[in-house]
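>
Residue numbers (the numbering used here): 270 to 411.
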């Protein structure tokens with residue numbers, strides 16, 4: 270991996286991580302309020318909300334990953350274009366396909382991670398979430 274690849278990956282990784290965290294947190298906060306209402310209406314312990322939210326993280330992370338990837342690539346290449354770095358890279362002989370190669374590799378890794386997340390982790394987390402929800406509604410917590 271060359272210097273240019275590392276520079277582009279670093280340029281993409283920062284907005285990608287930021288967008289991923291913001292999107293996941295917004296989705297979790299929105300659901301957290303409904304969970305607090307549900308648990309308090311069923312007179313369950315409040316610490317159950319945190320366990321239920323932890324089991325919802327894979328679901329919301331799988332929704333936020335494509336958004337974070339899109340915004341990360343968009344903002345990184347916008348920044349490179351606005352500061353004329355993209356023009357300098359292209360004038361030095363690097364084609365657009367060459368500049369996108371590390372981005373494609375990163376997006377492939379994110380797609381594989383999302384596949385594992387949705388296919389294997391999310392069903393177990395959703396089952397645990399439903400189990401806790403049933404325990405709260407049935408009064409198993411006292």
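Even glycine gets a Cβ: it sits at the ideal position worked out from N, Cα and C.
Measuring CB to CB, does residue 326 end up less than 8 angstroms from residue 405?
Against a cut-off of 8 angstroms, the Cβ pair of residue 405 and residue 326 comes out as no contact.
> Less than 8 angstroms between the C-beta atoms of residue 302 and residue 333, yes or no?
In this structure, residue 333 does not lie closer than 8 angstroms to residue 302 by Cβ.
> Looking only at its own chain, which residues have a Cβ that is under 7 angstroms from the Cβ of residue 375, when we skip the five neighbours before and after it?
278, 281, listed in sequence order.
> Relative to the C-alpha of residue 297, which residue among 312, 324, 339 is closest?
The candidate whose alpha carbon is nearest that of residue 297 is 324.
> Once you ignore the five residues that flank residue 379 on each side, which residues in its own chain have a CB closer than 7 angstroms to its CB?
Result list for residue 379: 334, 338, in chain order.
> What residue does the alpha helix (DSSP H) around residue 398 start on, and which one ends it?
Looking at the DSSP string, the run of the alpha helix (DSSP H) that includes residue 398 is 391-407.
> Drop a sphere of 10 angstroms on the beta-carbon of residue 294, count the other beta-carbons inside from all chains shown, and report buried for 16 or more, exposed for fewer.
Result: exposed.
> Pick from 399, 285, 274: whose alpha carbon is nearest that of residue 340?
Closest by alpha carbon: 285.
> Residue 336 and residue 292: beta carbons closer than 8 angstroms?
Yes, they are a contact pair.
> Could you check the C-alpha separation between residue 273 and residue 344 for me, to the nearest Å?
If I take the Cα positions, the gap works out to 17 angstroms.
> May I ask which residues mark the beginning and end of the alpha helix (DSSP H) holding residue 351?
Note, residue 351: alpha helix (DSSP H), 316-351.
> Do you know offhand how far residue 283's Cα is from residue 342's?
Straight-line Cα distance between these residues: approximately 10 angstroms.
> What does a CB cutoff of less than 6 angstroms around residue 397 pick up in its chain, not counting 5 residues either side in sequence?
Cβ neighbours of residue 397 beyond the five flanking positions: 324.
> Quick test of your reading: residue 353 and residue 387, contact by CB under 8 angstroms. State the CB separation rounded to the nearest angstrom.
About 39 angstroms; that fails the 8 angstroms criterion.
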